[in-house]
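Student: Dropping a structure here in structure tokens format, bear with me for questions.
Protein chains: 2
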Amino acid sequence: MTQHAARPTSKDVARTAGVSQATVSLVLGGKWRGRVSERTARQVRDAAGALGYRPNLAARSLRLGTTGTALLVVPALTNDFFARVYTGAAAVAVAHGFGVVLYPSPAGVGPAVSPFDPGRTALDGVIASSMAADAPAAIRGSRLPLVMLDSDPAAPGPAACVNLDIADGMRQVAAHVLGLGHREVLHLGSAVPSWTFDVRADALRRAARAAGARLRSARSALDVTAAREAVTAAVAGTGPRPTAIVCDDDILAAGACKALRRLGLRVPGDVSVTGFDDLTLATAVEPELTTVGLPAERVGERGMEALLAVLDGREPEAGDLPVRLVVRGSTAAPAR
Amino acid sequence: MTQHAARPTSKDVARTAGVSQATVSLVLGGKWRGRVSERTARQVRDAAGALGYRPNLAARSLRLGTTGTALLVVPALTNDFFARVYTGAAAVAVAHGFGVVLYPSPAGVGPAVSPFDPGRTALDGVIASSMAADAPAAIRGSRLPLVMLDSDPAAPGPAACVNLDIADGMRQVAAHVLGLGHREVLHLGSAVPSWTFDVRADALRRAARAAGARLRSARSALDVTAAREAVTAAVAGTGPRPTAIVCDDDILAAGACKALRRLGLRVPGDVSVTGFDDLTLATAVEPELTTVGLPAERVGERGMEALLAVLDGREPEAGDLPVRLVVRGSTAAPAR
DNA sequence: AGGCTGACGTGTTACGTATAACGACGCCGT
DNA sequence: ACGGCGTCGTTATACGTAACACGTCAGCCT
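If you're matching them up, the sequences are chains A and B in order.
Okay, so the first sequence: first residue is 1 according to the working numbering, each after it adds one.
Okay, so the second sequence: first residue is 1001 according to the working numbering, each after it adds one.
Printed below as a string of structure tokens:
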């Protein structure tokens, strides 16, 4: 590990500016009002600029006991919900002089990779998505403050939770679909167990029962091909054909549309399909998906705000974030 | 920033194990063969385990002058090409006791966020995607070793490059499309300038000229809606309607398909469409896209290998990675 | 017996930074 | 003239780790 061209230290800056290292630290740290004259301050800044000085972050962290970096654990990079969460979190972080580092959870990258035990990166706290199901245990071992996103508020561990009103989202979907007149509904859920998916299933079940609609269930991994196969199997199964398929995720909905098209059924003419999350995928397919829009950036912002609050010993803000049904072209009244 | 429950240090471990701090460091660092007896070594390990000791990374980095962390700069999280690059890079990194941190380049997150100047995270090196066009300048200022991915090999700056044989990929596309008999071709390129896109355009132009085909061009931002609008405008324009649309990216191709469908044209019956990159999107849409498959994981692996080589003062491996045309349902011979 | 060797550890230092504690210097009021 | 005080800056120290250079002690050869 060769050190390229020996980076200048604050001591070097001090020498060329003709002051002590402490003064350099004061000036560059911004805490010099009334302690250092404007003239020497400028000398220091000039010297730092001339040398291309950058503070050594390891030394700073060691001294301060703080890294100014948070970790965001997400289950999948491909899902742009999480990309938007990151954007929101990063915006808040930067505004507070913090950094955010992204970590795709083990599921996506193999169990050998854990940022917590080898602890490669020095961190002040962790924000984890609910779908990174194994994260809490690993993080607890690291003793870092943890903020959970979209997760069971009753679960122990996290210092704070940021939740979406998922149940209300599914109720909106159900009201829309049932309101169109559908009474034979297939629920396509995720095969990976997770609180958010349980909430969806529960809300849909209640709504269907209240409306007297028949509800069947199928499950699939969160990818288009798996969803296509699951729907093909479910539709080919016994019993009356569903007139609407309510999916836990836009990815599943895209797979459902493909399955139906291959079976010679038209969406929404023969079968209506709904998604969830309003990913970019929702408007990339034809027809565009009726789905539930999630304030992903707000989730990221609230998550980061909550982490900063916890770090400061303050109380994080509470309350669920609202979601909104987006009606597009994949739903219509049932034929006949 | 409260320190939760004062983490134990190596000195604490030393005290409870009844040895000196130096011995703890030797044992836990693994360099004790012949320097410490097996019995004391076990005592140390037991004490460390009992206290839940984790080395302080800031202190370690400060002492070692190395962080064991690399930064991967990507232009977009949503694009799963980069997710796969990350997977490959992470696998190699972990095998070498390294960590990888992900950074979506400013374009995706606002120019205020730069990991280099504020330098929040301590790094040993940077791997940057070509599309993060402004990265090299910012990184040069940080004096970190830089590996560029899929970028102009003639450009100065990077310590190493990992390249795909993009030109060959486009030649394969052209051979396929022209071989089907298409002579009226529309090239849908990216509106953001980048080496990889220039290579695509150049390769296609040469192939079209050699085959005597007419080639028009349109440009679009890398999102489905923008591509749809660009294609709608281009097809509605003057001159004979193209029978094939060659796109620089699957996202553009998805937009092209949507535009054509809305214009009442069938893919591939009336117009053939090709993509590039073989994203998951390519098989999520109907028809599935004929596109160019890229060994994304290999790119990530090679990138990380190259960075580790540079860090060790070794010579990084050279040579382009091959790409492969994947023929699916979006291309056919032209009507008539 | 004396000194050498190898096994087993320990004392000490340095990494680069931030900050508490401590001057030196000039200016003022009395 | 002298203490006091604001201004401007320095000295010294600690953060937790890794590793160099040294000690100590038993055993063994000569």
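Quick reminder that beta carbons are idealized off the backbone N, C-alpha and C, glycines included.
With 9 Å as the threshold, decide whether the Cβ of residue 1251(B) is near any Cβ in chain A.
Tutor: Residue mapping note: residue 1251(B) aligns to position 251 of the second sequence, counting from 1. So, interface residue.
Student: Is DSSP giving residue 1110(B) helix, strand or coil here?
Tutor: Numbered from 1 along the second sequence, position 110 holds the residue referred to as residue 1110(B). Only weak support is given to the placement of residue 1110(B): the predicted model assigns it a pLDDT of 40, under 50, and the value that follows is read from those uncertain coordinates. Reduced to three states, the DSSP call for residue 1110(B) is coil.
Student: Contact criterion: CB-CB distance below 9 Å. Does residue 273(A) meet it with respect to chain B?
Tutor: As a working mapping, residue 273(A) is identified with position 273 in the first sequence. It does not; no Cβ of chain B falls within 9 Å.
Student: Determine the closest residue to residue 327(A) out of 272(A), 320(A) and 319(A), with distance taken between C-alpha atoms.
Tutor: For the purposes of this step, residue 327(A) is identified with residue 327 of the first sequence, where counting begins at 1. Checking every option, the nearest Cα to that of residue 327(A) belongs to 272(A).
Student: Nearest chain B C-beta to residue 82(A) closer than 9 Å, yes or no?
Tutor: Within the first sequence, numbered from 1, the residue matching residue 82(A) stands at position 82. So, interface residue.
Student: Per DSSP, what are the beta-bridge partners of residue 1277(B) in this structure?
Tutor: In the second sequence, residue 1277(B) corresponds to position 277, counting from 1. DSSP lists 1293(B) as partners of residue 1277(B).
Student: Run through DSSP, which three-state label would residue 144(A) get?
Tutor: Looking up residue 144(A) in the first sequence gives position 144. Three-state result, residue 144(A): coil.
Student: Hey, quick one: how far does the beta strand (DSSP E) through residue 1129(B) stretch, first residue to last?
Tutor: Taking the first residue of the second sequence as 1, we reach residue 1129(B) at position 129. Start and end: 1125-1129.
Student: Helix, strand or coil for residue 1001(B)? Go by DSSP, reduced to three states.
Tutor: Along the second sequence, one-based indexing puts residue 1001(B) at 1. Summary for residue 1001(B): the model assigns pLDDT 38, below 50, so the residue's position carries little reliability, and this model does not support an answer.
Student: Kindly indicate which residue of 1067(B), 1205(B), 1219(B) and 1090(B) has the alpha-carbon position closest to the one of residue 1172(B).
Tutor: Translated into the one-based positions of the second sequence, residue 1172(B) becomes position 172. Per the Cα distances, 1205(B).
Student: At 4 residues or longer, what runs of the alpha helix (DSSP H) sit wholly inside the segment 142-216 of chain A?
Tutor: Those alpha helix (DSSP H) runs which fall completely within the segment 142-216 of chain A and span 4+ residues are 166-179 and 195-211.
Student: Considering Cα atoms alone, identify which of 325(A), 332(A) and 315(A) is closest to residue 160(A).
Tutor: Sequence index remark: in the first sequence, residue 160(A) carries index 160 (1-based). Per the Cα distances, 315(A).
Student: Using a C-beta cutoff of 9 Å, does residue 1223(B) count as contacting chain A?
Tutor: As a working mapping, residue 1223(B) is identified with position 223 in the second sequence. Answer yes: the Cβ-Cβ gap between residue 1223(B) and chain A drops below 9 Å somewhere.
Student: Using beta carbons (cut-off 9 Å, strictly below), is residue 1284(B) in contact with chain A?
Tutor: Taking the second sequence and counting its residues from 1, the one referred to as residue 1284(B) is at position 284. Chain A, which has a Cβ nearer than 9 Å to the Cβ of residue 1284(B), makes this yes.
Student: DSSP on residue 1029(B), reduced to helix/strand/coil?
Tutor: For the purposes of this step, residue 1029(B) is taken as the residue at position 29 of the second sequence. Note: residue 1029(B) maps to helix in three-state DSSP.
Student: Taking the continuous beta strand (DSSP E) assigned at residue 244(A), which residues delimit it?
Tutor: Sequence index remark: in the first sequence, residue 244(A) carries index 244 (1-based). Looking at the DSSP string, the run of the beta strand (DSSP E) that includes residue 244(A) is 244-247.
Student: What separation, rounded to the nearest whole angstrom, lies between the Cα atoms of residue 1267(B) and residue 1259(B)?
Tutor: Along the second sequence, one-based indexing puts residue 1267(B) at 267. Along the second sequence, one-based indexing puts residue 1259(B) at 259. If you take the alpha carbons of residue 1267(B) and residue 1259(B), they lie about 10 Å apart.
Student: Is the shortest distance between the beta-carbon of residue 1013(B) and the beta-carbons of chain A less than 9 Å?
Tutor: Position 13 of the second sequence, counting from 1, holds the residue named residue 1013(B). Cβ-Cβ to chain A under 9 Å: no for residue 1013(B).
Student: Between residue 223(A) and the rest of its own chain, which residues show a CB-CB distance below 8 Å, the 5 nearest in sequence each way excluded?
Tutor: Position 223 of the first sequence, counted from the start, is the residue given in the question as residue 223(A). 251 and 255, listed in sequence order.
Student: Is residue 193(A) buried or exposed, if buried means 16 or more other CB atoms sit within 10 Å of its CB?
Tutor: Locating residue 193(A) in the first sequence gives position 193, where the first residue counts as 1. Exposed, by the Cβ-count rule.
Student: Touch check for the segment 1147-1163 of chain B and the segment 1223-1237 of chain B: three-plus C-beta pairs under 8 Å?
Tutor: The segment 1147-1163 of chain B is not in contact with the segment 1223-1237 of chain B.
Student: Can you tell me where the beta strand (DSSP E) with residue 1336(B) in it begins and where it stops?
Tutor: If you number the second sequence from 1, residue 1336(B) lands on position 336. That residue, residue 1336(B), is in no beta strand (DSSP E); it is neither H nor E in DSSP.
Student: Name the residues in the segment 56-69 of chain A whose C-beta lies less than 9 Å from a C-beta of chain B; which are they?
Tutor: Here the close residues are 56, 57, 58, 59, 60, 61, 62, 63, 64, 65, 66, 67, 68 and 69.
Student: Leaving out five residues on either side along the sequence, give the residues of the same chain with a beta carbon under 7 Å from the beta carbon of residue 265(A).
Tutor: Locating residue 265(A) in the first sequence gives position 265, where the first residue counts as 1. Taken in chain order, the residues that qualify are 271.
Student: Using 9 Å as the limit for Cβ to Cβ distance, is residue 1007(B) near chain A?
Tutor: Here the question's residue 1007(B) lines up with position 7 in the second sequence. Cβ-Cβ to chain A under 9 Å: yes for residue 1007(B).
Student: Step through the CB atoms of chain A and report whether any lies within less than 9 Å of the CB of residue 1101(B).
Tutor: Counting from 1 along the second sequence, the entry for residue 1101(B) is found at position 101. By this cut-off, residue 1101(B) is an interface position.
Student: If you reduce the DSSP assignment to three classes, tell me which class residue 319(A) lands in.
Tutor: One-based indexing of the first sequence puts residue 319(A) at position 319. Coil at residue 319(A), not helix or strand.
Student: Assuming contact is defined by CB atoms lying nearer than 9 Å, are residue 1196(B) and residue 1151(B) in contact in what I supplied?
Tutor: Locating residue 1196(B) in the second sequence gives position 196, counting from the first residue. Locating residue 1151(B) in the second sequence gives position 151, counting from the first residue. Cβ atoms of residue 1196(B) and residue 1151(B): closer than 9 Å.
Student: Quick one: grab the DSSP three-state call for residue 1329(B).
Tutor: Against the second sequence, residue 1329(B) aligns to sequence position 329. Here residue 1329(B) sits in coil by DSSP.
Student: Considering only the alpha carbon of each residue, which of 1006(B), 1128(B) and 1207(B) lies closest to residue 1086(B)?
Tutor: Within the second sequence, residue 1086(B) is the residue found at index 86, counting from 1. For the residues 1006(B), 1128(B) and 1207(B), the minimum Cα distance to residue 1086(B) belongs to 1128(B).
Student: List, in order along the chain, the chain B residues whose C-beta lies closer than 7 Å to that of residue 261(A)?
Tutor: Taking the first sequence and counting its residues from 1, one reaches residue 261(A) at position 261. Those within 7 Å of residue 261(A) in chain B are 1286.
Student: Following the continuous beta strand (DSSP E) through residue 1102(B), name the residue where it begins and the one where it ends.
Tutor: To locate residue 1102(B), count along the second sequence from 1; it is residue 102. Segment 1099-1104, the beta strand (DSSP E) holding residue 1102(B).
Student: Per DSSP, residue 1069(B) forms a beta bridge with which residues?
Tutor: The count along the second sequence starts at 1 and reaches residue 1069(B) at position 69. DSSP lists 1099(B) as partners of residue 1069(B).
Student: With burial defined as no fewer than 16 other Cβ atoms inside 10 Å of the residue's Cβ, what is the status of residue 1301(B): buried or exposed?
Tutor: Reading the second sequence from its first residue, position 301 is the one you call residue 1301(B). So residue 1301(B) ends up on the buried side.
Student: Under a CB-based cut-off of 9 Å, is residue 121(A) close to chain B?
Tutor: Translated into the one-based positions of the first sequence, residue 121(A) becomes position 121. Chain B, which has a Cβ nearer than 9 Å to the Cβ of residue 121(A), makes this yes.
Student: Does DSSP classify residue 267(A) as helix, strand or coil?
Tutor: In the first sequence, residue 267(A) corresponds to position 267, counting from 1. Coil.
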